[in-house]
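Residue numbers for the sequence shown follow UniProt numbering, beginning at 1 and rising by one.
Positions of the beta carbon are idealized from the N, C-alpha and C atoms, including for glycine.
Keep in mind that this is a model prediction, so the values were computed, not measured.
Step one of this worksheet: look at the structure below.
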Amino acid sequence: METQEHRGSPSWVRAVAAVATVLGVGISAAACAAKHTPDGQASTPGMVAHTAAPSGAPVARRAVSNGVDQELANATVDIPGRGPTSLCKGGRLTFTNAVSVIDGELNYTILKTVESDLDGDGTTEVTALLTCAVRDPSLQVVTFSPTGQGGFTTVGTVLQNEGPVATIYDLRLADGGAVSAQVSDHQVSRATDAEHRTEPQWRTYARRDGTFAQVAGPTTFPADQRYVDLDVSTGNLVLEPAGSGRRHGVLKVTVRNNGTLAAPSLRVDLRVPVGLTRAGDGWAGCDPEQPEPPSRATVCHYGELAPGASRVLSLEFTANEGADLLQGGSSVHAASQMPSGESLADSDQSNNSESIRISRR
1 METQEHRGSP
11 SWVRAVAAVA
21 TVLGVGISAA
31 ACAAKHTPDG
41 QASTPGMVAH
51 TAAPSGAPVA
61 RRAVSNGVDQ
71 ELANATVDIP
81 GRGPTSLCKG
91 GRLTFTNAVS
101 VIDGELNYTI
111 LKTVESDLDG
121 DGTTEVTALL
131 TCAVRDPSLQ
141 VVTFSPTGQG
151 GFTTVGTVLQ
161 NEGPVATIYD
171 LRLADGGAVS
181 AQVSDHQVSR
191 ATDAEHRTEP
201 QWRTYARRDG
211 TFAQVAGPTT
221 FPADQRYVDL
231 DVSTGNLVLE
241 PAGSGRRHGV
251 LKVTVRNNGT
261 LAAPSLRVDL
271 RVPVGLTRAG
281 DGWAGCDPEQ
291 PEPPSRATVC
301 HYGELAPGAS
311 RVLSLEFTAN
321 EGADLLQGGS
331 SVHAASQMPS
341 GESLADSDQS
351 NNSESIRISR
361 R
């Protein structure tokens with residue numbers, strides 16, 4: 001048996017984004033550009049103002065298909081590596097239809113390109129958003145200079161997802177030949193998870209004195225006021241005589257969401273000694289027990305848990321009179337899952353687990 005109590009829902013701001021899927025990587029096209037005052041100064045703290053470079057000669061239009069420069073999509077170019085510990089080593093790669101296949105499974109993909117006179121010298125550069133598909137996507141924005149007849153030299157890396165920048169969603173042109181990238185401090189890979197992230201930002205970059213630098217847009221991410229905080233509490237599991245050499249008890253488990261964001265799907269993991277056996281009808285939504293001597297493991301899945309709401313579980317157990325209830329340990333752990341099955345970060349993981357106290361009466 002289970003009940004759900006609602007104790008009010010604190011307000012939170014829902015992120016707004018439209019997401020397109022390119023080889024499994026979420027690319028947002030939400031219009032979240034930074035705002036500036038008329039004189040070009042940043043309108044809020046933590047922003048830098050954009051000073052336009054000389055535009056030089058008009059940029060020649062290049063052949064583009066599906067948002068990608070067609071010469072670059074079928075060129076051999078040097079891709080900067082991401083460091084000695086990364087699987088994305090870069091190097092001289094050959095692309096066919098915007099994809100370079102390495103070892104049969106590790107793909108570099110050009111997701112989008114923009115063309116501009118990035119350094120103000122009167123020539124056209126092509127800036128590309130690339131992903132290296134290893135587990136979570138590694139993303140890079142790299143600028144190339146066309147050499148003619150389909151060739152390119154690599155100018156350098158504009159930015160990549162590292163440190164506070166977890167995701168790069170999109171590219172677009174900015175004033176003065178600069179390039180803007182839409183970034184976020186949360187990595188989201190599927191459209192169904194889009195509301196569980198901070199608002200994306202547009203940051204603008206240009207090449208100045210031989211170096212790429214941010215010239216406009218926010219320089220820091222605000223504190224995320226939307227979060228899940230699951231708090232688990234349990235009562236004692238008291239086993240009382242039930243006749244025929246058996247004992248019976250009910251464990252009460254309460255999971256409360258102290259956060260400001262709904263937990264899309266609540267997952268509860270229980271571990272109890274092998275001497276305990278599930279009983280009663282309170283196990284709806286739970287997977288079959290998995291014996292892991294000296295314990296039994298059970299995973300239960302429930303629906304959304306709103307901010308300020310609690311879910312109370314009544315879980316029945318039986319045991320033989322002489323069963324060993326000390327070995328293996330007893331605990332319950334709660335986690336929030338997104339529709340994709342990925343775990344949603346919890347703001348305070350210290351209260352996600354609780355030991356189960358078992359006694360006989």
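If you draw a straight line from the C-alpha of residue i to the C-alpha of residue j, how long is it?
{"i": "Ala306", "j": "Val312", "result": "14 Å"}
{"i": "Pro218", "j": "Cys132", "result": "26 Å"}
{"i": "Leu173", "j": "Thr154", "result": "19 Å"}
{"i": "Ser65", "j": "Gly150", "result": "15 Å"}
{"i": "Asp117", "j": "Val183", "result": "22 Å"}
{"i": "Val238", "j": "Leu251", "result": "8 Å"}
{"i": "Val299", "j": "Val232", "result": "15 Å"}
{"i": "Gly328", "j": "Leu276", "result": "11 Å"}
{"i": "Val77", "j": "Gln201", "result": "29 Å"}
{"i": "Ala319", "j": "Gly249", "result": "9 Å"}
{"i": "Asn352", "j": "Gly177", "result": "50 Å"}
{"i": "Ala53", "j": "Thr204", "result": "Here the model assigns Ala53 a pLDDT of 39, short of 50, so the residue's position is not dependable, and the following value carries that caveat. Taking the straight line joining both Cα atoms gives about 13 Å."}
{"i": "Gly91", "j": "Gly83", "result": "12 Å"}
{"i": "Glu162", "j": "Gly282", "result": "45 Å"}
{"i": "Asp209", "j": "Val158", "result": "14 Å"}
{"i": "Ser86", "j": "Glu321", "result": "55 Å"}
{"i": "Met309", "j": "Ser180", "result": "First, the amino acid is wrong: residue 309 is Ala here, not Met. C-alpha separation (whole angstroms): 41 Å."}
{"i": "Tyr302", "j": "Asp287", "result": "11 Å"}
{"i": "Leu106", "j": "Thr220", "result": "32 Å"}
{"i": "Leu93", "j": "Gln214", "result": "28 Å"}
{"i": "Gly341", "j": "Gln70", "result": "36 Å"}
{"i": "Ser330", "j": "Ile79", "result": "51 Å"}
{"i": "Arg278", "j": "Ala242", "result": "15 Å"}
With a threshold of 7 Å on Cβ separation, who are the neighbours of residue i within its own chain once the five nearest residues in sequence on each side are excluded?
{"i": "Gln337", "result": "Pro264, Ser265, Arg267, Ser343, Leu344"}
{"i": "Ile110", "result": "Val68, Leu72, Ala73, Phe95, Ala98, Ala128, Leu130"}
{"i": "Asp324", "result": "Pro273, Gly275"}
{"i": "Asn236", "result": "Arg357, Ser359"}
If I'm right that residue i touches residue j with Cβ under 8 Å, what's the distance once you round it to whole angstroms?
{"i": "Phe95", "j": "Ala73", "result": "6 Å"}
{"i": "Ala166", "j": "Asp185", "result": "5 Å"}
{"i": "Glu125", "j": "Ser145", "result": "5 Å"}
{"i": "Gly280", "j": "Glu240", "result": "With a Cβ gap of about 14 Å, Gly280 and Glu240 do not count as contacting."}
{"i": "Ile168", "j": "Leu139", "result": "4 Å"}
{"i": "Gly156", "j": "Phe212", "result": "6 Å"}
{"i": "Ala223", "j": "Phe152", "result": "Contact flag wrong, Cβ pair sits at about 41 Å."}
To which residues of the same chain is residue i closer than 8 Å at the C-beta, ignoring the five residues directly before and after it?
{"i": "Lys112", "result": "Ile27, Gly67, Val68, Ala128, Leu129, Asp170, Leu171"}
{"i": "Pro45", "result": "Residue confidence is low: Pro45 scores 34 on pLDDT, short of 50, so the model does not pin down where it sits. Its coordinate-derived value is still stated next. Excluding residues within five positions, none has a Cβ falling inside 8 Å."}
{"i": "Glu304", "result": "Ala262, Ala263, Pro264, Ser265, Leu266"}
{"i": "Gln160", "result": "Arg82, Ser138, Leu139, Gln140, Val141, Ile168"}
Which class does residue i belong to by DSSP, given the choice of helix, strand or coil?
{"i": "Ser350", "result": "helix"}
{"i": "Asp209", "result": "coil"}
{"i": "Leu315", "result": "strand"}
{"i": "Ala73", "result": "helix"}
{"i": "Asp175", "result": "helix"}
{"i": "Phe152", "result": "strand"}
{"i": "Ser244", "result": "coil"}
{"i": "Val165", "result": "coil"}
{"i": "Glu342", "result": "coil"}
{"i": "Gln140", "result": "strand"}
{"i": "Ala20", "result": "Since pLDDT at Ala20 reaches only 32, below the 50 mark, its modelled position is unreliable, and the value read off the structure follows with that caveat. Correct three-state label for Ala20: strand."}
{"i": "Leu326", "result": "coil"}
{"i": "Lys89", "result": "coil"}
{"i": "Leu239", "result": "strand"}
{"i": "Arg357", "result": "coil"}
{"i": "Arg82", "result": "coil"}
{"i": "Glu292", "result": "strand"}
{"i": "Val64", "result": "strand"}
Identify, in the order they occur along the chain, each residue of the same chain with its Cβ nearer than 6 Å to the Cβ of residue i, setting aside the five sequence neighbours on each side.
{"i": "Val253", "result": "Thr234, Leu313, Val332"}
{"i": "Gln290", "result": "Ala297"}
{"i": "Asp119", "result": "Arg207"}
{"i": "Leu270", "result": "Thr298, Val332"}
Given a threshold of 16 other Cβ atoms within 10 Å of its Cβ, counted over all protein chains shown, does residue i qualify as buried or as exposed?
{"i": "Ser359", "result": "exposed"}
{"i": "Ser355", "result": "exposed"}
{"i": "Ser244", "result": "exposed"}
{"i": "Pro294", "result": "exposed"}
{"i": "Val143", "result": "The residue you asked about is not Val; residue 143 is Thr in the sequence shown. Result: buried."}
{"i": "Thr147", "result": "exposed"}
{"i": "Asp348", "result": "exposed"}
{"i": "Leu326", "result": "exposed"}
{"i": "Arg350", "result": "Residue 350 is actually Ser in this sequence, not Arg. With fewer than 16 other Cβ atoms within 10 Å, it is exposed."}
{"i": "Ala284", "result": "exposed"}
{"i": "residue 362", "result": "In the structure as shown, the chain starts at 1 and stops at 361, and residue 362 therefore has no counterpart that could be examined."}
{"i": "Arg256", "result": "buried"}
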